[in-house]
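Numbering (UniProt numbering), first residue to last: 1 to 271.
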């Protein structure tokens, strides 16, 4: 049997601010994934739940881990794969009113054809049964890659990209040098850029930026993928970006040491 229970937020987790509480984490993750694929296989494991999806163009791979420590209750007697239609699941999660006294419970049997959802508030509960499907999705192994650029930035800095920089065109460039990274977009009527630098001795306060570049590199990716990533950035403690000559651009998002979301995105091919 598999079951988990997740509350809005525990008192012990008051230092971690999840928008909408912990109970909304699944919603944010599925909203991001839904922009890439229509379905996902949730793999239940002893250590937590995993998801992995790739778009039909093989341009982006998303790898998700939610550690069992994130949940208030967690039981997984054996490995189970739960194939769900994301739209159906999101229809439920988007209409639930997440409040500090609410709890979401998910469960299924060892050979399931459905997944049961139970949402509870004091004196009030809702039940759903989601049909499960077998999608026979390919599992992708992620090889060790060499990166010449490593950048760490705050989630607030990353959120500027889809709001103020990347709204004028379809692509955005990422250009790195020794101690600087520049995000730039050139549109038909407007150009925009954001420059981040390492903290210097003159800076009184830390800026949350760490840049390590052994070989300067410039890449361009579709802006829609930045927008996809931005949906889960509020859940995370920081954003790390890795780039290399022969590698996809790797966005590593840590969910406060309770899991991760990792995006591997193919850069635009120069003509």
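From the three backbone atoms N, C-alpha and C, an ideal C-beta is built for every residue, glycine too.
Can you check whether the CB of residue j is closer than 7 Å to the CB of residue i?
i, j, result
"residue 135", "residue 83", "yes"
"residue 140", "residue 80", "no"
"residue 74", "residue 126", "no"
"residue 40", "residue 60", "no"
"residue 220", "residue 254", "no"
"residue 55", "residue 36", "yes"
"residue 163", "residue 179", "no"
"residue 30", "residue 90", "yes"
"residue 147", "residue 244", "yes"
"residue 169", "residue 157", "no"
"residue 128", "residue 86", "no"
"residue 194", "residue 239", "no"
"residue 72", "residue 6", "yes"
"residue 275", "residue 222", "The question about residue 275 has no answer, for the chain in this structure spans 1 to 271."
"residue 42", "residue 49", "yes"
"residue 130", "residue 106", "no"
"residue 76", "residue 46", "yes"
"residue 104", "residue 23", "yes"
Hey, quick one: how far does the alpha helix (DSSP H) through residue i stretch, first residue to last?
i, result
"residue 140", "Careful: residue 140 lies outside any alpha helix (DSSP H) and carries neither H nor E."
"residue 27", "25-33"
"residue 154", "Counting along the chain, residue 154 falls outside any alpha helix (DSSP H), and DSSP gives it neither H nor E."
Can you tell me where the beta strand (DSSP E) holding residue i begins and where it ends?
i, result
"residue 250", "249-254"
"residue 183", "180-186"
"residue 52", "48-54"
"residue 39", "39-45"
"residue 77", "Element bounds for residue 77: n/a, residue is neither H nor E."
"residue 176", "171-177"
Once DSSP output is grouped into helix, strand and coil, what is the label at residue i?
i, result
"residue 91", "helix"
"residue 222", "strand"
"residue 196", "strand"
"residue 99", "coil"
"residue 114", "strand"
"residue 86", "helix"
"residue 227", "helix"
"residue 269", "coil"
"residue 130", "strand"
"residue 9", "coil"
"residue 104", "strand"
"residue 235", "helix"
"residue 165", "helix"
"residue 60", "strand"
"residue 209", "coil"
"residue 66", "strand"
Can you give the beta carbon distance from residue i to residue j, rounded, assuming they're within the 8 Å contact cut?
i, j, result
"residue 154", "residue 8", "Incorrect: roughly 25 Å between the Cβ atoms, too far for contact."
"residue 192", "residue 151", "Not quite, the Cβ-Cβ distance comes to about 19 Å (not below 8 Å), so this is no contact."
"residue 65", "residue 260", "5 Å"
"residue 235", "residue 69", "Incorrect: roughly 15 Å between the Cβ atoms, too far for contact."
"residue 176", "residue 213", "5 Å"
Can you tell me whether residue i is buried or exposed, with buried defined as 16 or more other CB within 10 angstroms of its CB?
i, result
"residue 133", "exposed"
"residue 142", "exposed"
"residue 28", "buried"
"residue 248", "buried"
"residue 267", "buried"
"residue 88", "exposed"
"residue 200", "exposed"
"residue 228", "buried"
"residue 225", "buried"
"residue 124", "exposed"
"residue 187", "exposed"
"residue 230", "buried"
"residue 189", "exposed"
"residue 211", "buried"
So, is the C-beta of residue i closer than 7 Å to a C-beta in chain D?
i, result
"residue 238", "Protein chain content of the structure displayed is limited to a single chain, and chain D is not contained in it."
Given the structure, does residue i come close to the ligand ADP, in the sense that its CB is under 6 Å from one of the ligand's heavy atoms?
i, result
"residue 140", "Although the ligand ADP was asked about, the structure shown includes no ligands whatsoever."
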